[in-house]
Amino acid sequence: MFIPIGNPDDSYNGIDRPGNNYYANSIIALDATTGKLKWFYQMTHHDITDVDAAAAPSLIDIHRNGQVIPALVEVPKSGIAFILDRRTGKPVFGEEERPIPQSDVPGEHSSPTQPFPLKPEPLARMRISRDDITTVTPEAHDYCTASWDKQQMHNDGPYTPVSTKGTTVFAPGTSGGGNWGGVSTDPHLGYFFVNVSNMPTTSRMVPDGAGGYKLQGAYGRFNDMKGWPCVRPPWGELIAVNANTGDIAWRSPLGVSDDFGAAGKSTGTPNLGGSIATAGGLVFIGATVDSRFHAFDSHTGKEVWTATLPAPAVSTSLTFQGKSGRQYVVVPDGGPGTIGMPGRFLSYHAILIAYALPKAGESAIDLAQYAPVPAPRPPGVGNQIAAGGVSSPGPGAEPILPAGDGREDVISMCGKCHGVSTAVANRRSPDGWRDLIQDMRSRGAQGDDAKAARVRDYLSRYFGLLPAPAEPGPTGR
Numbered sequence: 249m250f251i252p253i254g255n256p257d258d259s260y261n262g263i264d265r266p267g268n269n270y271y272a273n274s275i276i277a278l279d280a281t282t283g284k285l286k287w288f289y290q291m292t293h294h295d296i297t298d299v300d301a302a303a304a305p306s307l308i309d310i311h312r313n314g315q316v317i318p319a320l321v322e323v324p325k326s327g328i329a330f331i332l333d334r335r336t337g338k339p340v341f342g343e344e345e346r347p348i349p350q351s352d353v354p355g356e357h358s359s360p361t362q363p364f365p366l367k368p369e370p371l372a373r374m375r376i377s378r379d380d381i382t383t384v385t386p387e388a389h390d391y392c393t394a395s396w397d398k399q400q401m402h403n404d405g406p407y408t409p410v411s412t413k414g415t416t417v418f419a420p421g422t423s424g425g426g427n428w429g430g431v432s433t434d435p436h437l438g439y440f441f442v443n444v445s446n447m448p449t450t451s452r453m454v455p456d457g458a459g460g461y462k463l464q465g466a467y468g469r470f471n472d473m474k475g476w477p478c479v480r481p482p483w484g485e486l487i488a489v490n491a492n493t494g495d496i497a498w499r500s501p502l503g504v505s506d507d508f509g510a511a512g513k514s515t516g517t518p519n520l521g522g523s524i525a526t527a528g529g530l531v532f533i534g535a536t537v538d539s540r541f542h543a544f545d546s547h548t549g550k551e552v553w554t555a556t557l558p559a560p561a562v563s564t565s566l567t568f569q570g571k572s573g574r575q576y577v578v579v580p581d582g583g584p585g586t587i588g589m590p591g592r593f594l595s596y597h598a599i600l601i602a603y604a605l606p607k608a609g610e611s612a613i614d615l616a617q618y619a620p621v622p623a624p625r626p627p628g629v630g631n632q633i634a635a636g637g638v639s640s641p642g643p644g645a646e647p648i649l650p651a652g653d654g655r656e657d658v659i660s661m662c663g664k665c666h667g668v669s670t671a672v673a674n675r676r677s678p679d680g681w682r683d684l685i686q687d688m689r690s691r692g693a694q695g696d697d698a699k700a701a702r703v704r705d706y707l708s709r710y711f712g713l714l715p716a717p718a719e720p721g722p723t724g725r
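Residue numbers (the numbering used here): 249 to 725.
This is the structure in structure tokens:
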């Protein structure tokens, strides 16, 4: 059995856990009969940047130098593809330990190096500077540059840790890189396919008042005023790697940012979900925030087909052959979750959509009946984006948060990290808000019990659960 192990808690503070922290951030191989450890490979030593592996590894046989090497592939949130020999746990194409930026937090024990495979090169962006700020629009560039300067942002290269000086920008971001969608494989072609996001996140260390330091603003997003990443595109990619050589075969933008018109057709989007590869030479994937289902040519990376969905497909599709011999591709669509894109005040249906090549006289189902329902907002709640805890509506627009007891507490506790509209993009029950607030406090959100209670009461009052949208009738089925 090959098992991915996550990172230790706290994800950004390792003061109380010196050393490499085996077997965290590792792939471990166990004898399925006895449970005995056969080998392990640690992808990140002493993780303080939250780059754990969120997906199970995928298996592929590599043909190299006249031999067949049984291998596995894992792409953690760092965006580095680790191709390991299943027999030994050794990187198939070799590796080297490279020096990484060190922590300035007193008492922290940064690993001096991290492992980097010699092949393939990192699949996602692991470094960002002020020169990499988006230029998709002048407004976005100015907004993001101002945020960078005001918050004293910095990134010193791969594995830059959180700092006591200014705000650390994590690249590719704590959503990946790779994520739980994992990789799909084409054993005949010898390729594996993985979708990555380039969606930087931010955090900082601040004095805790007792002579130490505490995390502030974990998982904050470096986004523009519309919620798009502040780095230059592509923000999402589908990438094919030739497992036999370790080389990148192709990389294609994944997703469309409709906010930018023609310019948005090549930006890609943040994504969460997985792909499947078929024997017919296609790679199917949803995952993107643009509510589209995509098919790519597995040989070239060309997008050959796309379908508009009622909602983002935060999922992995599947394919099967029916009793008649007809092949279907099925994608789970909708449900909660907006892949971290704020301002989407919508209530989605949760449905399964099956696609097949059309037959004569057959008509497609009208998916318009499953369109998302705009979630009713309390008076004064708009659909704008907030940054740094301050709402940023346009002229004449409404504020995101209605007036009421607890409003300033919400801005203070939630706005500094996520932005207000991200915090309220999904509705929850009072218990759901309580649990989320408790989790955020454990990750650095500022506030005592009384403040947390005021935040819970405010959010429950104005952003409580809504009734699920009524399911449409059988028309069109």
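From the three backbone atoms N, C-alpha and C, an ideal C-beta is built for every residue, glycine too.
This structure is a prediction, so every number in the text was calculated from the model and none was measured.
**Asked** Tell me the DSSP bridge mates of residue 402?
**Response** Stepping through the sequence shown from its first residue, residue 402 is reached at position 154. Beta-bridge pairing links residue 402 to 416.
**Request:** Can you tell me which of 449, 653, 266 and 333 puts its alpha carbon nearest to the alpha carbon of residue 355?
**Result:** For the purposes of this step, residue 355 is taken as residue 107 along the sequence shown, with counting starting at 1. Ranking 449, 653, 266 and 333 by Cα distance to residue 355 puts 266 first.
**Item:** Selected residue, minimal CA-CA separation from residue 489, among 693, 331 and 661
**Value:** The sequence position of residue 489 within the sequence shown is 241, counting from 1. Looking at the Cα atoms, 331 is the closest of the given residues.
**Item:** Sequence-distant residues of the same chain with beta carbon closer than 7 Å to residue 536, five excluded per side
**Value:** Counted from its first residue, the sequence shown places residue 536 at position 288. 484, 502, 503, 517, 519 and 560.
**Message:** Below 8 Å on the Cβ atoms is my contact criterion, and I expect residue 320 with residue 334 to pass it. Report the Cβ-Cβ distance as a whole number of Å.
**Reply:** Residue 320 sits at position 72 when you count from the first residue of the sequence shown. Residue 334 sits at position 86 when you count from the first residue of the sequence shown. Contact holds; Cβ gap of about 5 Å.
**Best match in 392, 393, 415 and 409 for proximity to residue 401 [C-alpha to C-alpha]** = For the purposes of this step, residue 401 is identified with residue 153 of the sequence shown, where counting begins at 1. For residue 401, the nearest C-alpha among the options comes from 415.
**Request:** For residue 706, name the three-state secondary structure that DSSP assigns.
**Result:** The sequence position of residue 706 within the sequence shown is 458, counting from 1. DSSP places residue 706 in helix when its eight states are reduced to three.
**Item:** Option in 311, 683 and 423 with minimal Cα separation from residue 436
**Value:** Against the sequence shown, residue 436 aligns to sequence position 188. Closest option to residue 436, Cα to Cα, is 311.
**Request:** Please report how far the alpha carbon of residue 255 lies from the alpha carbon of residue 292, in whole angstroms.
**Result:** On the sequence shown, residue 255 is found 7 positions in, with the first residue counted as 1. On the sequence shown, residue 292 is found 44 positions in, with the first residue counted as 1. Cα to Cα, residue 255 sits roughly 9 Å from residue 292.
**Prompt:** What's the gap between the Cα of residue 701 and the Cα of residue 651?
**Reply:** What you label residue 701 is simply residue 453 of the sequence shown in a count that begins at 1. What you label residue 651 is simply residue 403 of the sequence shown in a count that begins at 1. Whole-angstrom Cα-Cα distance: 17 Å.
**Request:** Kindly indicate which three-state DSSP category residue 473 falls into: helix, strand or coil?
**Result:** For the purposes of this step, residue 473 is taken as residue 225 along the sequence shown, with counting starting at 1. DSSP places residue 473 in coil when its eight states are reduced to three.
**Request:** Decide if the segment 683-699 is in contact with the segment 654-661; the criterion is three or more beta carbon pairs, one per stretch, under 8 Å apart.
**Result:** yes
**Request:** List the endpoints of the continuous alpha helix (DSSP H) containing residue 500.
**Result:** In the sequence shown, residue 500 corresponds to position 252, counting from 1. Premise fails: residue 500 lies in the beta strand (DSSP E), 495-501, not in any alpha helix (DSSP H).
**Asked** For the putative contact between residue 540 and residue 525, defined by C-beta atoms under 8 Å, what is the C-beta separation to the nearest angstrom?
**Response** Taking the first residue of the sequence shown as 1, we reach residue 540 at position 292. Taking the first residue of the sequence shown as 1, we reach residue 525 at position 277. The C-beta distance from residue 540 to residue 525 rounds to 18 Å, too long to fall under 8 Å, and the pair is not in contact.
**Asked** Do residue 426 and residue 324 have their C-beta atoms within less than 8 Å of each other?
**Response** Counting from one through the sequence shown, the residue named residue 426 turns up at place 178. Counting from one through the sequence shown, the residue named residue 324 turns up at place 76. Yes, the Cβ-Cβ distance between residue 426 and residue 324 is below 8 Å.
**Request:** Under 6 Å Cβ to Cβ from residue 695, same chain only, skipping five residues before and after it: list those, please.
**Result:** Here residue 695 refers to the residue found at position 447 of the sequence shown. The answer, listed in chain order, is 661.
**Prompt:** Does the segment 597-607 come close enough to the segment 568-585 that 3 or more CB-CB pairs lie under 8 Å?
**Reply:** yes
**Request:** Take every Cβ of the segment 447-461, pair it with every Cβ of the segment 563-571, and state whether three or more of those distances are shorter than 8 Å.
**Result:** no
**Asked** Mind checking whether residue 523 and residue 403 have CB atoms under 8 Å apart?
**Response** On the sequence shown, residue 523 is found 275 positions in, with the first residue counted as 1. On the sequence shown, residue 403 is found 155 positions in, with the first residue counted as 1. No.
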